[in-house]
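Asker: Encoded as structure tokens, here's the structure I'll be asking about.
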Amino acid sequence: MNPFELHLDRNAANYQPLTPLTFLARTAEVWPGQTAVQHGNLSYDYRTLYKRARQLASALAQKYVAAGDTISVMLPNVPAMIEAHFGVPMTGGVLHAINTRLDADIIAFQLDHANAKVVIVDQEFAPVMTRALEIAKVKPFVVNYADHQADIDAEPASYNDYEAFLQGGDAAFQWVCPDDEWRAITL
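Heads up: the sequence shown at position 113 corresponds to 114 in my numbering, and the numbers run straight through without jumps.
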């Protein structure tokens, strides 16, 4: 055996799984006041993004989302999509970002295949998501995201409002970093 491979088992001193979660935590600590999200006239810093991601993770955990559970999102490039990319893996969950151009049959197939436990949907896509949820066998908890920068006049897919859902979460949620970078965080 090569002597450079002896006594070098993985431990906290020589190994850390690669994950985007540590990027956000460190950036919020080192550059808390730097702009992280800019969406129309809405702007917030890394401190706020980290807080909102932890609130989302906490709110999801309160809905019994556990490691390996799928959270599906059908969102354009809005702040909730950024928050989901961090908040979902903070629960150990798997993020399933649905292409906004798909039809209801394909979305229903994906929801079933992913065994979606929660769906977060932009109100713009509520009509196709509502139809997909009627077709799908899974019955996930649905959260409506209303983009106040857009002029959308669609009936929401759910009356569970994203901001209210987020406010139900704990901003100091103690998330756990993945112990292995081979663990899925997205589909």
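Ideal placement from N, C-alpha and C gives every residue a C-beta, glycine not left out.
Quick one, which of Val31, Gln63, Pro157, Glu135 has its alpha-carbon nearest Asp123's?
Answerer: The residue with the shortest Cα to Cα distance from Asp123 is Pro157.
Asker: Starting from Tyr45, trace the beta strand (DSSP E) both ways and give me its first and last residue.
Answerer: That run of the beta strand (DSSP E) goes 43-46.
Asker: Helix, strand or coil, according to DSSP, for Gln124 in the structure here?
Answerer: The answer is helix: DSSP assigns Gln124 an H, G or I state.
Asker: Assign Gln39 to one of three DSSP states: helix, strand, or coil.
Answerer: Of the three classes helix, strand and coil, the one that applies to Gln39 here is strand, per DSSP.
Asker: Between the alpha carbons of Ala37 and Met130, how many angstroms are there, rounded?
Answerer: Approximately 29 Å between the Cα atoms of the pair.
Asker: My parser needs the beta strand (DSSP E) runs of 3 or more residues fully inside the segment 57-81; what are they?
Answerer: As far as the segment 57-81 is concerned, its whole beta strand (DSSP E) runs of at least 3 residues are 71-75.
Asker: Considering only C-alpha positions, which residue in the set Ala58, Leu96, Ala60, Leu61 is nearest to Leu76?
Answerer: Considering only alpha carbons, the answer is Leu96.
Asker: At which residues does the beta strand (DSSP E) containing Phe142 begin and terminate?
Answerer: Element bounds for Phe142: 142-146.
Asker: Can you give me the start and stop residues for the beta strand (DSSP E) that Val139 sits inside?
Answerer: Val139 -> no beta strand (DSSP E), and no H or E assigned at all.
Asker: Name the DSSP beta bridge partners of His97, please?
Answerer: Note: His97 sits in a beta bridge opposite Ser73.
Asker: Tell me, please, which residues DSSP counts as bridged to Ala117.
Answerer: DSSP, once it has assigned bridges, lists Thr71 as partnering Ala117.
Asker: So, are the CB atoms of Ile153 and Pro90 less than 8 Å apart?
Answerer: Result no, Cβ atoms of Ile153 and Pro90 do not sit closer than 8 Å.
Asker: Tell me the rounded alpha-carbon separation between Ala29 and Tyr65.
Answerer: Between Ala29 and Tyr65, the C-alpha separation is close to 27 Å.
Asker: Cβ of Leu19 versus every heavy atom of the ligand NAP: is any distance shorter than 7 Å?
Answerer: The ligand NAP is not among the ligands present in this structure, which contains no ligands whatsoever.
Asker: What is the rounded straight-line gap between the Cα of Asn42 and the Cα of Arg48?
Answerer: Looking at the two C-alpha atoms, the distance is approximately 18 Å.
Asker: Find the nearest neighbour of Asn145 within the set Val119, Ala137, Leu9, Glu135, judged by alpha-carbon distance.
Answerer: The candidate whose alpha carbon is nearest that of Asn145 is Val119.
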